[in-house]
Every structure is written in structure tokens, then in C-alpha cells.
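Asker: In my numbering, the protein residues as written are 129 to 427.
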């Protein structure tokens, strides 16, 4: 049976903690009484720098989530600074069809080892979960892994197939590890936000916010998502394997079968819970320009 897991007096490690949802999760964890927070990211935004500077129990660990040694270093940093491995692991680092790794522009050549976006959005949270499980078992303690997935994990979106595929992977991965709470003492859950106002639309993938029609009218804030992350981590009503959606329409648990659109009417999602259709059509236009140039081209 699932039990509660208060963050108070716990150590929380957050990948992607230098901005956006990850940074909001760091502040939310502190507000909930966390003993310490490890902010893991490539760099800190000015807001994140203020958080680290102002709190002696917040440590920044430089982390490239595509490098598994860096993920282990996050755990090592916790033991070094706070004498124990983290209790809570939040996989928040992620990208949305960035210019260096996306399906339609296809910038990665045949000599690449794979899609960088898949390494960030899929391989990173999977490996972090395994490292977290090993660390917690080694200390004979319970813990929680919370993965930031997306509503894209159970919908389709023609302009962003890699992003959608990676989030589908995280939903399936989380569901598959539902039994880990009882068998290994590690609760693995996923939070699936709708559209969120974060740097992923600006600095992460420059110009994508404008192309996809992302405005405050259709977005929730990173702080709103962080509160749901905290509740999902702490509350016994969300056992391992649970998928929690949060959007402008509120929160709901996503069932394994027969998922209804949020606020759906005749199979369509309500306004504010998905990318505006007119924006999708604009993006498709730019995709067609790319593929038209490929017609008749020699490989």
C-alpha cells in the first residue's frame, strides 16, 4: 500500500534545476521544509543563482544529463555536502525539438550516435531512475523519482514527433515501474503538464514559442507545475506508476486505458490544454517547405 512521503527534512536532487519548472521545484521543496536541494544543470539563470547564493542548503552541481557520469556526480555531491544520498529525484531537464536535434530539420548527420533530444528526454530520466534506485537501496531507504513528462505523452503532434515520442516513452516507463514502490521502496511517478511558460520556448528552442502560439492565455506557470510535482511526490493518493496531468483545466490522474481529452468535446481538447490549431498549421507550412526541397533530391 502506498504511504505518504513528506519532503520535510529530505534531500532533493533536481536535474534541469537551473531554470523553468526545475527551478520552481527547488524553491517549492525548500518552502516545504526540505533539508537540502541539489540543483543540477549546465548553468544557472540569474534567478537560480540568487536561490543558490541565498541558501546554504542549496548546492549547484554542473551536469550534462546526456553524460551518465554527471548524473552519478549529482548523487555523489549530495553525499559530499549533506552526508547522504538524495531521497527525492526530480528529472526536469528536457528539450522541445531544439535546432540541434529535431525530426524535420534533421541536423544530426549519419555519423551521429543518435538524437541528442532522445538522450536528454528519455535516456537521462531512465538512467537517473536506475542510479537513484541503486543509491537508495544501498542506504536501505525509501525514495521517490518524479519525472517531468508532458501531455504530449499521450497525444499526437505532427510538427514535434521526437518530442511526442520521448514523452510517450516516459509515460510507458513510469507505468512499468509502478511495482517498484512495493518491491524496491522507490515510488516512480510522472507529471504531465500542458503548455507551460518556461525558457524551453525561448532560449531552449529559439522562436518556438511564437511559432507554436505560446502565450500567457494558453499557459500555466512553472510554479503551478511545481506545486503538483510536490503533491505527487508527497501524497499517498499517488502510488508508484501514477501519471498526473496538470493544465489550465486543473489536475487529473491519467488512466491506463481510454484516455479522454482534457475538457474534451467530441474528441477535441479544450482551449488552453493544447497548442492552438492555427499555430500548428503555420508550423506545418514551414515543414512542407523543407520537404518540398527534398523532392527529387539525390541521397
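Cβ atoms here follow ideal geometry from the backbone N, Cα and C, with glycine treated the same way.
Runs of 3 residues minimum, wholly inside the region 237-311: which ones carry the beta strand (DSSP E) assignment?
Answerer: For the region 237-311, whole beta strand (DSSP E) runs of length 3 or above, ordered along the chain, are 271-276.
Asker: Could you compute how far the alpha carbon of residue 208 sits from the alpha carbon of residue 424?
Answerer: Cα-Cα distance, rounded: 59 Å.
Asker: Rounding to the nearest angstrom, what Cα-Cα distance links residue 318 and residue 360 in this structure?
Answerer: Roughly 8 Å between the two C-alpha positions.
Asker: For residue 102, which residues does DSSP report across the bridge?
Answerer: Beyond the ends of the chain as shown, which are 129 and 427, falls residue 102; an answer cannot be given.
Asker: Check for me: the beta strand (DSSP E) holding residue 188 runs from which residue to which?
Answerer: Run containing residue 188: 186-190, per the beta strand (DSSP E) assignment.
Asker: Can you name the residues that DSSP bridges to residue 139?
Answerer: Its beta-bridge partners are 164.
Asker: Which residue's Cα is closest to the Cα of residue 299: 381, 144, 413, 145?
Answerer: For residue 299, the nearest C-alpha among the options comes from 381.
Asker: Ends of the alpha helix (DSSP H) at residue 208?
Answerer: It spans 196-210 - the alpha helix (DSSP H) in which residue 208 sits, taken as one unbroken run.
Asker: Does the beta-carbon distance from residue 218 to residue 153 come in below 8 Å?
Answerer: For residue 218 and residue 153, yes; Cβs fall inside 8 Å.
Asker: Pick from 185, 363, 204, 420: whose alpha carbon is nearest that of residue 191?
Answerer: Measuring from the Cα of residue 191, the nearest candidate turns out to be 204.
Asker: Report the rounded CA-to-CA distance for residue 308 versus residue 413, giving the unit in angstroms.
Answerer: For residue 308 and residue 413, the distance between alpha carbons rounds to 45 Å.
Asker: Please say whether residue 364 and residue 132 have beta carbons closer to each other than 8 Å?
Answerer: Yes, these two residues count as a Cβ contact at 8 Å.
Asker: Please state if the CB of residue 139 and the CB of residue 206 are separated by a distance shorter than 8 Å.
Answerer: Contact flag set, yes.
Asker: Can you find at least 3 beta carbon pairs, one from the region 264-277 and one from the region 288-307, that sit closer than 8 Å?
Answerer: Flag = yes, the region 264-277 and the region 288-307 touch.
Asker: Measuring CA to CA, which of 199, 156, 358 is closest to residue 262?
Answerer: When only C-alpha atoms are compared, the closest one is 199.
Asker: Would DSSP call residue 415 helix, strand or coil?
Answerer: Residue 415 falls in the helix class under three-state DSSP.
Asker: Pair every Cβ in the region 180-196 with every Cβ in the region 224-240, then say whether three or more of these pairs are closer than 8 Å.
Answerer: Result no; under three Cβ-Cβ pairs closer than 8 Å.
Asker: Determine the direct distance from the alpha carbon of residue 420 to that of residue 357, and round the result to whole angstroms.
Answerer: Between residue 357 and residue 420, the C-alpha separation is close to 43 Å.
Asker: Helix, strand or coil: how does DSSP classify residue 180 here?
Answerer: DSSP places residue 180 in helix when its eight states are reduced to three.
Asker: Quick one: residues in its chain with C-beta nearer than 8 Å to the C-beta of residue 310, no 5 flanking neighbours on either side, listed in chain order?
Answerer: The answer, listed in chain order, is 368.
Asker: Taking 8 Å as the threshold (C-beta atoms), are residue 168 and residue 143 in contact?
Answerer: Cβ distance < 8 Å, so residue 143 and residue 168 count as in contact.
Asker: In whole angstroms, what separates the C-alpha of residue 164 from that of residue 216?
Answerer: In a straight line, the C-alpha of residue 164 is about 10 Å away from that of residue 216.
Asker: Helix, strand or coil for residue 323? Go by DSSP, reduced to three states.
Answerer: If DSSP states are grouped into helix, strand and coil, residue 323 belongs with coil.
Asker: Please return the same chain residues whose Cβ sits closer than 8 Å to the Cβ of residue 170, not counting the five positions on each side in sequence.
Answerer: So the qualifying residues of the chain are 146, 190, 191, 192.
Asker: Using 8 Å as the threshold, is the region 312-326 in touch with the region 250-269, meaning 3 or more CB pairs across them?
Answerer: With a cut-off of 8 Å, the region 250-269 and the region 312-326 count as touching, because enough Cβ pairs lie within range.
Asker: Going by DSSP, what residues sit across from residue 315 in a beta bridge?
Answerer: The partner list for residue 315 (beta bridge, DSSP) reads 272.
Asker: Please name the residue in 375, 265, 226 whose C-alpha comes closest to that of residue 291.
Answerer: Of the candidates 375, 265, 226, the one whose C-alpha sits nearest the C-alpha of residue 291 is 226.
Asker: Would you list the residues sitting across from residue 169 in a DSSP beta bridge?
Answerer: Looking at the DSSP assignment, residue 169 forms a beta bridge with 190.
Asker: Please report how far the alpha carbon of residue 176 lies from the alpha carbon of residue 151, in whole angstroms.
Answerer: About 7 Å.
Asker: Among 253, 211, 233, which has the Cα closest to the Cα of residue 196?
Answerer: Minimum Cα distance to residue 196 is reached at 253.
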